[in-house]
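Since the structure comes first, as structure tokens, the remarks are kept for the end.
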Amino acid sequence: MKIAAIKENHPGELRVPLIPQTVDKLVKLGAKVEIEPGLGLSCRFTDDDYRKVGAQINPARETLLNSADIILRLRKPLLEDIPLMKKDCIHISYLDPFREVDLVDALAAAGISAVSLEMLPRTTLAQKMDVLSSQANLGGYVSVILAAEQLDKVFPMMTTPAGTIKPARVFIIGVGVAGLQAIATARRLGGRVEAFDTRPVVEEQVKSLGAKFVKIDLGETGQTKDGYAKALTPEQMQLQKEGMAKACAQADVVITTAQLFGRPAPRIVDRAMIAQMQPGSVIVDMAVETGGNVEGSEIDKIVEIDGVKIIGLGNLPGRVAQTASQMYSSNLGNFVAHFWNKESNAFCLKLDDEIVKGSLITHGGAIVNEMYKNIMKK
Ligand code: NAD
62 MKIAAIKENH PGELRVPLIP QTVDKLVKLG AKVEIEPGLG LSCRFTDDDY
112 RKVGAQINPA RETLLNSADI ILRLRKPLLE DIPLMKKDCI HISYLDPFRE
162 VDLVDALAAA GISAVSLEML PRTTLAQKMD VLSSQANLGG YVSVILAAEQ
212 LDKVFPMMTT PAGTIKPARV FIIGVGVAGL QAIATARRLG GRVEAFDTRP
262 VVEEQVKSLG AKFVKIDLGE TGQTKDGYAK ALTPEQMQLQ KEGMAKACAQ
312 ADVVITTAQL FGRPAPRIVD RAMIAQMQPG SVIVDMAVET GGNVEGSEID
362 KIVEIDGVKI IGLGNLPGRV AQTASQMYSS NLGNFVAHFW NKESNAFCLK
412 LDDEIVKGSL ITHGGAIVNE MYKNIMKK
């Protein structure tokens, strides 16, 4: 069975989908691995590094695509690549399916089995392949590093002959995977951290990291069966803003990570809240790519509003591309290994498996994902 890894061509993207360590694992499983030349160069993996662990380097992109049984890549495929792929080929990548309707239709029409890694169920079994978690974790780390660089104060408390320096105050909004890592990173740097999430179940996790949970009574909030937050009503949003205004005003750094599955991110920090913050403070809007949590944030820019710096840089995991690639590649390797049948020495797409049911979007010439069909009314 041939697995092909395709080089990423998204502008500015330094992450790579497959690193030599994972190729080694796949070859040992029994797969034949072919890669595009230069696949790992942005993370300093040479073609020779891949060759040494058994990969073949194929410079003919067209034959690479049309001979592969499985294609691994980082981001969604290009529309023009789809006619080059073999019918029934399994394509595994980020797909952004809710915003890529034409692409999903084209994959279905071409008979490709497209797996969208964003749709993997958040279960214990799927954790080893969960790219959302591995990349969000790094994004949370990077958000604090960026904030520390932009802030003109230090994070830790310092007792010096020149006087005592107070620790920076950090407020994290949204405590999923990214938020938890942001809390941990800000604490490691010595910041005084507060956090809030609409899911009250995270309070214990916040406390266990040495941060304070900001309590705001929003009434019934709840979460989906996969643990995702539900959208708030306009009244609840207003209560949240009022409850958070004080924590924002006191903070030197605010990091927002709030997301709603399959929907635009909630707008939770407005201009009035920014106006209450100290000039020189920093906000990192980690949701800028899905619509933004912060009024006025701009994608890939650092803007200043009322003296507050608002960081809206996208692709935060891409700023630690080596580590991010290592984790993404390992997630992909675990996905393939999980469904590898030793007897037939082949990948087996088990259509009744919970992980496949959750993440397979197109198969056999049709859109097959129930959640996608429900949300998109397909
Ligand atoms: P996410 O990226 O979808 O959202 C980030 C956070 O924003 C969430 O904690 C969410 O509750 C919060 N949020 C949404 N609206 C908000 C608002 N208005 N104000 C403040 N916060 C708001 O979350 P995620 O990191 O992908 O995690 C989603 C769920 O999956 C969580 O329950 C997490 O514990 C769970 N999870 C489980 C596993 C596993 O068991 N394998 C792995 C990873 C995550």
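Under the working numbering, the first residue of the sequence shown carries the number 62, and numbering increases by one thereafter. Backbone N, C-alpha and C define an ideal beta-carbon position, used for all residues, glycine too. The structure displayed is predicted, hence computed values, not measured ones.
Through-space distance from Ala169 to Met432, alpha-carbon basis: Here the question's residue 432 lines up with position 371 in the sequence shown. Here the question's residue 169 lines up with position 108 in the sequence shown. If you take the alpha carbons of Met432 and Ala169, they lie about 16 Å apart.
Contacts around Ser391, its chain only, beta-carbon distance under 7 Å, and the 5 residues preceding and following it disregarded: Here residue 391 refers to the residue found at position 330 of the sequence shown. Excluding residues within five positions, the ones whose Cβ falls inside 7 Å are Thr83.
Candidates Gly373, Ala333, Pro327, Ala326: closest to Val345 by CA position: Here residue 345 refers to the residue found at position 284 when the sequence shown is read from its first residue. Selected option, being the one with the closest Cα: Gly373.
Continuous alpha helix (DSSP H) stretch holding Leu207: start and end: Working through the sequence shown from its first residue, we reach residue 207 at position 146. Leu207 -> alpha helix (DSSP H) spans 192-211.
Near the ligand NAD: Pro327 beta-carbon under 7 Å from a heavy atom: Within the sequence shown, the letter at position 266 stands for residue 327. It does: the Cβ of Pro327 is within 7 Å (strictly closer) of some heavy atom of the ligand NAD.
C-beta atoms of Gly357 and Leu87 nearer than 8 Å: Here residue 357 corresponds to residue number 296 of the sequence shown, with the count starting at 1. Here residue 87 corresponds to residue number 26 of the sequence shown, with the count starting at 1. Contact: no.
Cβ contact (3+ pairs, closer than 8 Å) linking the stretch 399-412 and the stretch 98-105: no
Bounding residues of the beta strand (DSSP E) (the contiguous stretch that carries Ser405): Translated into the one-based positions of the sequence shown, residue 405 becomes position 344. Looking at the DSSP string, Ser405 is not in any beta strand (DSSP E), and its letter there is neither H nor E.
Closest Cα partner of Val314 within the set Val114, Gly251, Arg76, Gly91: By 1-based counting over the sequence shown, the position of residue 314 is 253. Answer by Cα proximity: Gly251.
Beta-carbon contacts of Glu141 that lie in its chain and below 7 Å, excluding the five residues immediately before and after: Against the sequence shown, residue 141 aligns to sequence position 80. Closer than 7 Å at Cβ, skipping near neighbours: no residue.
Distance CB(Thr282)-CB(Arg260) smaller than 8 Å: Your numbering for residue 282 matches position 221 in the sequence shown. Your numbering for residue 260 matches position 199 in the sequence shown. Yes, these two residues count as a Cβ contact at 8 Å.
Ranges of the alpha helix (DSSP H) found wholly within the stretch 67-125, counting only runs of at least 4: 81-90, 108-113
Any non-hydrogen atom of the ligand NAD closer than 7 Å to Gln188 Cβ: As a first step, residue 188 is located in the sequence shown; it is residue number 127 there, counting from the start. For the ligand NAD, at least one heavy atom lies less than 7 Å from the Cβ of Gln188.
Check whether Val450 and Leu212 have beta carbons under 8 Å apart: The shown model of the chain, from 62 to 439, leaves out residue 450, and the question about it has no answer.
Val203: CB within 7 Å of a non-hydrogen atom of the ligand NAD: For the purposes of this step, residue 203 is taken as the residue at position 142 of the sequence shown. Not under cutoff, so the answer is no.
Contact between the stretch 155-164 and the stretch 173-184 (3+ Cβ pairs under 8 Å): yes
Tyr111: CB within 7 Å of a non-hydrogen atom of the ligand NAD: As a working note, residue 111 is residue 50 in the sequence shown. Tyr111 Cβ: outside cutoff for every heavy atom of the ligand NAD.
Within 8 Å, strictly: CB atoms of Cys104 and Ala382: The residue you call residue 104 lines up with position 43 of the sequence shown. The residue you call residue 382 lines up with position 321 of the sequence shown. The answer is yes: Cβ separation under 8 Å.
Residues that DSSP places opposite Ala427 in a beta bridge: Taking the first residue of the sequence shown as position 1, residue 427 is located at position 366. BP columns for Ala427 point to His424.
Coarse secondary structure for Glu365, derived from DSSP in three states: Here residue 365 corresponds to residue number 304 of the sequence shown, with the count starting at 1. Strand, per DSSP.
Span of the alpha helix (DSSP H), counted from its first residue to its last, around Ile335: Along the sequence shown, read from residue 1 onward, the residue named residue 335 stands at position 274. 332-336 is the extent of the alpha helix (DSSP H) around Ile335.
Whole-Å CB distance - Arg230 paired with Gln311, under 8 Å assumed: Numbered from 1 along the sequence shown, position 169 holds the residue referred to as residue 230. Numbered from 1 along the sequence shown, position 250 holds the residue referred to as residue 311. Yes, Arg230 and Gln311 are in contact; Cβ-Cβ is about 6 Å, under 8 Å.
Close beta carbons around Leu90, own chain, < 7 Å, minus the five adjacent residues each side: As a working mapping, residue 90 is identified with position 29 in the sequence shown. Answer for Leu90: Ala398, Trp401, listed in chain order.
Assigned secondary structure, Asp166 (DSSP; H/G/I helix, E/B strand, else coil): In the sequence shown, residue 166 corresponds to position 105, counting from 1. In the structure shown, Asp166 sits in a helix (DSSP, three-state: H, G or I).
For Thr225, the residue or residues it bridges with in DSSP: Here residue 225 corresponds to residue number 164 of the sequence shown, with the count starting at 1. Answer is Thr220, bridged to Thr225.
Three or more C-beta pairs below 8 Å linking the stretch 360-370 and the stretch 263-277: no
Three-state class that DSSP yields for Ala385 in the structure shown: Walking along the sequence shown from the start, residue 385 turns up at place 324. If DSSP states are grouped into helix, strand and coil, Ala385 belongs with the helices.
Val176 - containing beta strand (DSSP E), residue span: If you number the sequence shown from 1, residue 176 lands on position 115. Counting along the chain, the beta strand (DSSP E) containing Val176 begins and ends at 174-177.
Residues bridged to Thr351 (per DSSP): One-based indexing of the sequence shown puts residue 351 at position 290. The partner list for Thr351 (beta bridge, DSSP) is empty, contrary to what the question assumes.
Burial state of Pro228, where buried means 16 or more other Cβ atoms lie within 10 Å: Your numbering for residue 228 matches position 167 in the sequence shown. Answer is buried; the Cβ neighbour count reaches 16.
Span of the beta strand (DSSP E) around Val315: Reading the sequence shown from its first residue, position 254 is the one you call residue 315. Residues 314-317.
Near the ligand NAD: Gly73 beta-carbon under 7 Å from a heavy atom: For the purposes of this step, residue 73 is identified with residue 12 of the sequence shown, where counting begins at 1. Checking every heavy atom of the ligand NAD against the Cβ of Gly73, none is found closer than 7 Å.
Arg328 to Phe257 span [Cα, whole Å]: One-based indexing of the sequence shown puts residue 328 at position 267. One-based indexing of the sequence shown puts residue 257 at position 196. Taking the straight line joining both Cα atoms gives about 15 Å.
Heavy atom of the ligand NAD within 7 Å of Val238 beta-carbon: If you number the sequence shown from 1, residue 238 lands on position 177. True, at least one ligand heavy atom lies under 7 Å from that Cβ.
Length of the line joining the Cα atoms of Ile366 and Val263: Start at 1 with the first residue of the sequence shown, and residue 366 comes out as number 305. Start at 1 with the first residue of the sequence shown, and residue 263 comes out as number 202. Cα-Cα distance, rounded: 31 Å.
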